[in-house]
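Just so we're aligned, residue 1 is where the sequence shown starts under full-length UniProt numbering, counting upward by one.
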Amino acid sequence: MKKINNSDMVGFVQLIAIIYLVFVLLADIMKWQQLDQTHVTLAICAIAVTTGSLKKLDGRKESKVK
1 MKKINNSDMV
11 GFVQLIAIIY
21 LVFVLLADIM
31 KWQQLDQTHV
41 TLAICAIAVT
51 TGSLKKLDGR
61 KESKVK
């Protein structure tokens with residue numbers, strides 16, 4: 001069984017958060033539904049945290065290669 005890479009998992013979480021924010025923007029434009037601002041804030045925080053994690057993981061990979 002293939003081991004899941006942390007950077008793949010973090011990238012997936014970031015992708016889902018971005019997709020959610022796009023949906024929120026479309027929902028707001030089309031007035032599909034009223035969404036709670038807490039979910040938007042959590043999605044933005046998820047993107048920020050995963051971006052930091054990706055940078056940290058990339059730094060570890062570079063130090064292992066050298």
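Ideal placement from N, C-alpha and C gives every residue a C-beta, glycine not left out.
In this text the structure is predicted, and so the values were computed from the model without any measurement.
Nearest to residue i (by Cα), restricted to the options the options
i: residue 43; options: 7, 6, 8 and 25; result: 25
i: residue 45; options: 59, 28 and 21; result: 21
Own chain, CB closer than 7 Å to residue i, minus 5 neighbours either side, in chain order
i: residue 53; result: 10
i: residue 18; result: 47
Through-space distance from residue j to residue i, alpha-carbon basis
i: residue 56; j: residue 13; result: 16 Å
i: residue 41; j: residue 50; result: 14 Å
i: residue 59; j: residue 16; result: 23 Å
Neighbour flag for residue i against chain B, beta carbons, 8 Å
i: residue 16; result: No chain B is present in this structure, which holds just one protein chain.
Nonlocal neighbours in the same chain, by C-beta distance under 6 Å from residue i, ignoring five residues either side
i: residue 23; result: none
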